[in-house]
Amino acid sequence: MKDIRLLDNVRIDEPCPLATTDLPRAPGGWHCPQCDKRVHDISALTRDEAEALLRSRAETGLCVRITKDDRGVVTRERTAWRRTRRGLAIVSNIAALIGLTSFATRPPVHPPASSGNTGVRPHSMPLGGRVAAFPTLANHACSSTETEVDE
1 MKDIRLLDNV
11 RIDEPCPLAT
21 TDLPRAPGGW
31 HCPQCDKRVH
41 DISALTRDEA
51 EALLRSRAET
61 GLCVRITKDD
71 RGVVTRERTA
81 WRRTRRGLAI
91 VSNIAALIGL
101 TSFATRPPVH
111 PPASSGNTGV
121 RPHSMPLGGR
131 VAAFPTLANH
141 ACSSTETEVD
151 E
């Protein structure tokens, strides 16, 4: 049995003379004062939600607002919440990547080398800042000649 996609075959036989901009908003769409029915916004629903709504009201009739492209295919817009939820997911993923890269660019911290010769060279870490004063060469046992230091 072939699955009938109701949303692809939706037709509006009697278009409503009122524009949706003239109708008061109601949950899931608008309220039409002319026919006293709720006008469902199909373009804000997923395909499965829209088709379930169409099937549930096949006998009693249903007022809907649909948007079709130039090929006649019903298009669906994303609701504000879906757009916001997707935007939050993208932003949180970017923030997580930035946070992880800050850990990846840091050099690893190694424990101090033991007093015994383990053959492992400690990792060098670049440091920046003001240079400390050098001890005078006269204090060293190996300095037998006078050395000039340019400042």
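For the sequence shown, our numbering gives the first residue as 1, with consecutive numbering after it. All C-beta atoms, glycine included, are put in the ideal place defined by N, C-alpha and C.
Are the Cβ atoms of residue 40 and residue 53 separated by less than 8 Å? yes
For residue 25, three-class secondary structure by DSSP: It is a strand residue.
Do you know offhand how far residue 159's Cα is from residue 101's? No answer is possible for residue 159: the residues shown for the chain start at 1 and end at 151.
Could you check the C-alpha separation between residue 44 and residue 27 for me, to the nearest Å? Roughly 12 Å separates the two Cα atoms.
Own chain partners of residue 51 with C-beta closer than 6 Å, once the 5 adjacent residues on each side are dropped: If we look at residue 51 and ignore the five residues flanking it on each side, its Cβ neighbours are 6 and 7.
Please name the residue in 71, 48, 49 and 63 whose C-alpha comes closest to that of residue 33. 63
Here's a check: name, in chain order, each residue in its chain whose Cβ is nearer than 8 Å to the Cβ of residue 55, leaving out the five neighbours to either side. 6
Specify, as a first and last residue, the run of the alpha helix (DSSP H) that residue 65 falls within. Where residue 65 is concerned, there is no enclosing alpha helix (DSSP H), although the beta strand (DSSP E) it sits in stretches over 63-65.
Label residue 12 either buried or exposed according to how many other C-beta atoms from any shown protein chain fall within 10 Å of its C-beta, with 16 as the threshold for buried. exposed
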